[in-house]
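A.B. asks: Chains as they are written, first to last, in the working numbering: chain A, 101 to 436; chain B, 101 to 436.
The C-beta atom is built at its ideal place from N, Cα and C for all residues, glycine as well.
1. Please say whether residue 321 of chain B and residue 310 of chain B have beta carbons closer to each other than 8 Å?
2. Got a sec? Which residues, its chain only, sit under 7 Å from residue 360 of chain B by beta carbon, not counting five neighbours each side?
3. Would you call residue 422 of chain B buried or exposed, if buried means 16 or more other Cβ atoms sit within 10 Å of its Cβ?
4. With a floor of 4 residues, list each alpha helix (DSSP H) that falls wholly inside the segment 347 to 393 of chain B, ordered by position along the chain.
5. Residue 294 of chain A touches chain B at which residues, Cβ-Cβ below 7 Å?
6. Quick one: list the residues of chain B neighbouring residue 418 of chain A, beta-carbon separation under 8 Å, in chain order.
7. Grouping DSSP H, G and I as helix and E and B as strand, with all else coil, what is residue 315 of chain A?
8. Would you check if there are 3 or more beta carbon pairs closer than 8 Å linking the segment 177 to 194 of chain A to the segment 334 to 345 of chain A?
9. Interface residues of chain B around residue 282 of chain A at Cβ under 9 Å?
10. Under 7 Å Cβ to Cβ from residue 241 of chain B, same chain only, skipping five residues before and after it: list those, please.
11. CB residue 358 of chain A to CB residue 148 of chain A, shorter than 8 Å?
12. Residues of chain B with CB under 7 Å from residue 232 of chain A, in chain order?
13. Answer yes or no: do residue 426 of chain A and residue 110 of chain A have a C-beta to C-beta separation smaller than 8 Å?
14. Could one say the Cβ of residue 144 of chain A lies closer than 8 Å to chain B's Cβ atoms, at least one of them?
15. Taking the continuous beta strand (DSSP E) assigned at residue 158 of chain B, which residues delimit it?
16. If we ignore side chains and look at the alpha-carbon of each, how far apart do residue 200 of chain B and residue 284 of chain A end up?
17. In the segment 366 to 384 of chain B, which residues sit with their C-beta less than 7 Å from some C-beta in chain A, listed in chain order?
18. Whose C-alpha, out of A:397, A:197, A:410, is nearest the C-alpha of residue 435 of chain A?
19. Any beta-carbon of chain A closer than 8 Å to the one on residue 424 of chain B?
20. When the Cα of residue 197 of chain B is compared with those of B:205, B:206, B:162, B:185, which residue comes out closest?
21. To the nearest angstrom, report how far apart residue 185 of chain B and residue 216 of chain A are at their CA atoms.
22. Would residue 122 of chain B and residue 297 of chain B be called neighbours here (beta carbons separated by less than 8 Å)?
23. Does the beta carbon of residue 117 of chain A sit closer than 8 Å to a beta carbon anywhere in chain B?
24. Does DSSP put residue 105 of chain A in a helix, in a strand, or in coil?
25. At 3 residues or longer, and completely inside the segment 234 to 309 of chain B: list those beta strand (DSSP E) runs for me, N to C.
26. Does DSSP classify residue 429 of chain B as helix, strand or coil?
27. Pull the bridge partners of residue 134 of chain A from the DSSP assignment, please.
28. Got a sec, what are the start and stop residues for the beta strand (DSSP E) residue 417 of chain A sits in?
29. Look up residue 424 of chain A in the DSSP assignment and say whether it is helix, strand or coil.
30. Whose CA, out of B:108, B:352, B:278, lies closest to the CA of residue 446 of chain B?
31. Taking residue 229 of chain A and residue 223 of chain A to be in contact with their CB atoms under 8 Å, please state how far apart those CB atoms are, rounded to whole angstroms.
32. Counting only C-beta atoms, is residue 120 of chain B closer than 8 Å to chain A at any point?
33. Is there a Cβ from chain B that is less than 8 Å from the Cβ of residue 221 of chain A?
34. Using a Cβ-Cβ distance under 8 Å, would residue 186 of chain B count as near chain A?
35. Quick one: which residues of the segment 338 to 367 of chain B get their C-beta closer than 8 Å to a C-beta of chain A? List them in chain order.
36. By the 8 Å beta-carbon criterion, what residues does the segment 224 to 248 of chain B contribute toward chain A?
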């Protein structure tokens, strides 16, 4: 298992911590354009799969039947932060399909968005299932199940027809048979498949340019592109690198994060997919690595880089509000 | 910069994430007993220095003059979690020396102890300086300054006589001149010195067995041993690995954590010091690595291992309360 030093964390210009990882850029024909570290290693893509896990919602006709709008489709692809806007949309969507929070299989948690979590605690409330970053994905699964008239019972279990359908779709995009690979359970209770990092990038490249997939699947993917581009704040939330990157790049980059240091991007205009795994699972390093790769590929304009400055090289601020260090790409792997 | 794979994070028995790092065990004569990875690398020990940063408090006579008890001395060495017991003791100590929270130079934060933080938010309050994990250390500095009749102004700045004294004491224990090494600013505003990882272990070995230091310094260190052993909950808090390890081992291990993946231990009976740096700065990996080393050194009894089970191989529980994985020492580096 080989990794490359991807990201450094400094304190007063001295390196304090180091993040190793692997990364790959490939095209939708599965040609490796560039790679760093061992790209054949098995990874759990976790929530990076969500845009692909929302394909069933459109392809099955459920989205059209229930008249889902861009915000709801973006939310189905999301790891949302549990802000009020996310909570409101999950609740109104559930209500429209005749279900409630109790139908969601994910656990009750506080929002990941700190201010929202503090507000909830200050008002004497607790976390709930709607606040879970996966509640949009779960609502999507329930919507498809209703449309296809499949039982909602244990819809999160790997044996359920919906999860089998999802694994088939993911296998189609990744060009491997996922059921033959190890599988775990995700934070929200759904199956957590594994695949080589290379296959994750390949799947994202085919999500970027689905012309080699069936027409119905390709059309569903184009519909999801549109939703993510039009409603970037519903795929993550205010201040998040994923929402701000997707918003700033106006469709040239569709990024999605996954737990334990995973981040991916689909570049529709170029037909490219990018997958990054930070070995240690760190959240702070994955986006710095992805943005360095995007810059290396000349994807970002100067204006976009200005907008994304705080994500490209985040500043570390201490409890007194003093800038004490930064998170930056290591100089060794990319000729920046 | 070479690192060893120290800790693995699994999901359903498949490795999901990997933590690399360096570690060393040395004796108080600076003989390296065992090491993994590059031990000459420069590290910021951060809060791992706190027990050594409390020496001035005893050696100056301030502790005796102000009649500090074991709990207060343990708190001076602490990264406390901001539980009510910690808050109460910082406040009563400040009050006894005629000062208030406003005299602390650290920033206002919420407690690191989740339940305590939630309780504060639910009661409509905000974070404060007393909740800062370093407030015990700061109160210690203020106590020494009062006793030595040094100005309290800017006591946290590197130029202040107290910080110069602290750097001299640390340099004595680490056997190097710290002022010649890079220095940053810590989360609480105090200087954050650097030293080779090897010197950090050496300093901890001399903290474990200070017989080569001056008599007054050695006596101060023995007094701190006593305080940490008698009041382990004041050096960190309930449920923390540091407090529970120090409590369970009843004086055979004095552990202290530092930010960005650092953890150290002094083994007084054996005159050994241990220092671990997880390259990526991860908190979850440092204690698993330290406990694996302690087990490797046959320091822990079966009864202690039973008590510390949840820290030796922590279980990962998802939002539904299901065990989905674990954090464990990698098999490659230690013949366990």
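C.D. replies: Let me lay it out:
1. Here residue 310 of chain B refers to the residue found at position 210 of the second chain. Here residue 321 of chain B refers to the residue found at position 221 of the second chain. A contact, by the Cβ cut-off of 8 Å.
2. Numbered from its first residue, the second chain carries residue 360 of chain B at position 260. Same-chain partners within the cutoff: 144, 146, 381.
3. Mapped onto the second chain, residue 422 of chain B falls at position 322. Exposed, by the Cβ-count rule.
4. none
5. On the first chain, position 194 is the one that residue 294 of chain A refers to. Here the neighbours are 114.
6. Residue 418 of chain A sits at position 318 when you count from the first residue of the first chain. What residue 418 of chain A touches in chain B: 207, 285, 286, 287, 288, 289.
7. Numbered from 1 along the first chain, position 215 holds the residue referred to as residue 315 of chain A. Reduced to three states, the DSSP call for residue 315 of chain A is helix.
8. yes
9. As a first step, residue 282 of chain A is located in the first chain; it is residue number 182 there, counting from the start. 111, 112, 113, 114, listed in chain order.
10. Here residue 241 of chain B is taken as the residue at index 141 of the second chain, counted from 1. So the qualifying residues of the chain are 255, 262.
11. Position 258 of the first chain, counting from 1, holds the residue named residue 358 of chain A. Position 48 of the first chain, counting from 1, holds the residue named residue 148 of chain A. Result yes, Cβ atoms of residue 358 of chain A and residue 148 of chain A sit closer than 8 Å.
12. Position 132 of the first chain, counting from 1, holds the residue named residue 232 of chain A. What residue 232 of chain A touches in chain B: 419.
13. Walking along the first chain from the start, residue 426 of chain A turns up at place 326. Walking along the first chain from the start, residue 110 of chain A turns up at place 10. Yes, they are a contact pair.
14. To locate residue 144 of chain A, count along the first chain from 1; it is residue 44. Closer than 8 Å: yes.
15. Counted from its first residue, the second chain places residue 158 of chain B at position 58. Note, residue 158 of chain B: premise wrong, no beta strand (DSSP E); alpha helix (DSSP H) at 155 to 159.
16. The residue you call residue 200 of chain B lines up with position 100 of the second chain. The residue you call residue 284 of chain A lines up with position 184 of the first chain. Their Cα atoms are separated by approximately 51 Å.
17. 379, 380, 381, 382
18. On the first chain, position 335 is the one that residue 435 of chain A refers to. Minimum Cα distance to residue 435 of chain A is reached at A:397.
19. Translated into the one-based positions of the second chain, residue 424 of chain B becomes position 324. Cβ-Cβ to chain A under 8 Å: yes for residue 424 of chain B.
20. Here the question's residue 197 of chain B lines up with position 97 in the second chain. Cα-wise, what sits closest to residue 197 of chain B is B:162.
21. In the second chain, the residue the question calls residue 185 of chain B occupies position 85. In the first chain, the residue the question calls residue 216 of chain A occupies position 116. The straight-line gap from Cα to Cα measures roughly 28 Å.
22. For this step, residue 122 of chain B is matched to residue 22 along the second chain. For this step, residue 297 of chain B is matched to residue 197 along the second chain. Result yes, Cβ atoms of residue 122 of chain B and residue 297 of chain B sit closer than 8 Å.
23. The sequence position of residue 117 of chain A within the first chain is 17, counting from 1. By this cut-off, residue 117 of chain A is an interface position.
24. As a working mapping, residue 105 of chain A is identified with position 5 in the first chain. The answer is strand: DSSP assigns residue 105 of chain A an E or B state.
25. 283 to 285, 291 to 293
26. Taking the second chain and counting its residues from 1, the one referred to as residue 429 of chain B is at position 329. In the structure shown, residue 429 of chain B sits in a strand (DSSP, three-state: E or B).
27. Mapped onto the first chain, residue 134 of chain A falls at position 34. DSSP output for residue 134 of chain A lists A:125 as bridge partner(s).
28. Counted from its first residue, the first chain places residue 417 of chain A at position 317. Where residue 417 of chain A is concerned, the enclosing beta strand (DSSP E) stretches over 415 to 417.
29. The residue given as residue 424 of chain A occupies position 324 in the first chain. Residue state, collapsed to three classes: strand.
30. An answer regarding residue 446 of chain B cannot be provided, because it is not within the stretch 101 to 436 covered by chain B.
31. Residue numbering aside, residue 229 of chain A sits at position 129 when the first chain is read from its first letter. Residue numbering aside, residue 223 of chain A sits at position 123 when the first chain is read from its first letter. The pair is not a contact, with the Cβ atoms about 18 Å apart (cut-off 8 Å).
32. Walking along the second chain from the start, residue 120 of chain B turns up at place 20. It does; some Cβ of chain A falls within 8 Å.
33. Counted from its first residue, the first chain places residue 221 of chain A at position 121. Yes, contact with chain B.
34. Taking the first residue of the second chain as 1, we reach residue 186 of chain B at position 86. So no, residue 186 of chain B is outside the interface.
35. 360, 361
36. 224, 232
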